[in-house]
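Numbering (my numbering), first residue to last: 1130 to 1241. Think of the CB as a built atom: it goes at the ideal place given N, C-alpha and C, for glycine as much as any other residue. What follows is a single structure, written as structure tokens, with notes after it.
In structure tokens:
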């Protein structure tokens, strides 16, 4: 998994690419979120449009990220999920705890 950060308007887009499998990558993801929060950047969109596969550890990583951001008074939203990721969230009922959007632009617009 690769992580790319871009700032768009008042939000930060964290783009994940490849396979989201947790493990050492989960620590990197967590540190990225903590760094953004420490800089006062608390409107975060996770762009999943280039994620090919996600396992249960990857889901755990997203849940942990949501918890971390929420505890600091921020908002974390998911955008650009493919059918596989969306069905994974539906099957696990996690779709109910995340704010999800078709694309990054819609997620960013929802902050206003």
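Under a three-way DSSP split, which group does residue i fall into?
{"i": "residue 1144", "result": "strand"}
{"i": "residue 1239", "result": "coil"}
{"i": "residue 1170", "result": "coil"}
{"i": "residue 1131", "result": "strand"}
{"i": "residue 1222", "result": "coil"}
{"i": "residue 1194", "result": "helix"}
Closest by CA to residue i, which one among the options?
{"i": "residue 1146", "options": "1218, 1241 and 1183", "result": "1183"}
{"i": "residue 1162", "options": "1210, 1149, 1229 and 1196", "result": "1196"}
{"i": "residue 1181", "options": "1215, 1139, 1202 and 1189", "result": "1215"}
{"i": "residue 1233", "options": "1132, 1154, 1202 and 1140", "result": "1140"}
{"i": "residue 1178", "options": "1211, 1155, 1199 and 1192", "result": "1211"}
{"i": "residue 1131", "options": "1226, 1138 and 1153", "result": "1153"}
{"i": "residue 1209", "options": "1202, 1235 and 1159", "result": "1235"}
{"i": "residue 1221", "options": "1134, 1187 and 1165", "result": "1187"}
If contacts are defined as beta-carbon pairs under 8 Å, then residue i and residue j qualify, I think. What distance do you get, rounded to the angstrom?
{"i": "residue 1175", "j": "residue 1207", "result": "5 Å"}
{"i": "residue 1200", "j": "residue 1240", "result": "Rounded, the Cβ-Cβ distance is 18 Å, inconsistent with contact."}
With which residues is residue i paired in a DSSP beta bridge?
{"i": "residue 1183", "result": "1149"}
{"i": "residue 1136", "result": "1141"}
{"i": "residue 1208", "result": "1176 and 1230"}
Suppose the cutoff is 7 Å on Cβ atoms and the five residues either side in sequence are ignored; what does the same chain contact list for residue i look like?
{"i": "residue 1170", "result": "1141"}
{"i": "residue 1148", "result": "1130, 1181 and 1182"}
Using a Cβ-Cβ distance under 7 Å, would residue i count as near chain C?
{"i": "residue 1208", "result": "Of the protein chains in this structure there is only one, and it is not chain C."}
Among residues of its own chain, excluding the 5 on either side of residue i, which ones have a beta-carbon nearer than 6 Å to its beta-carbon?
{"i": "residue 1137", "result": "1237"}
{"i": "residue 1190", "result": "1151, 1155 and 1158"}
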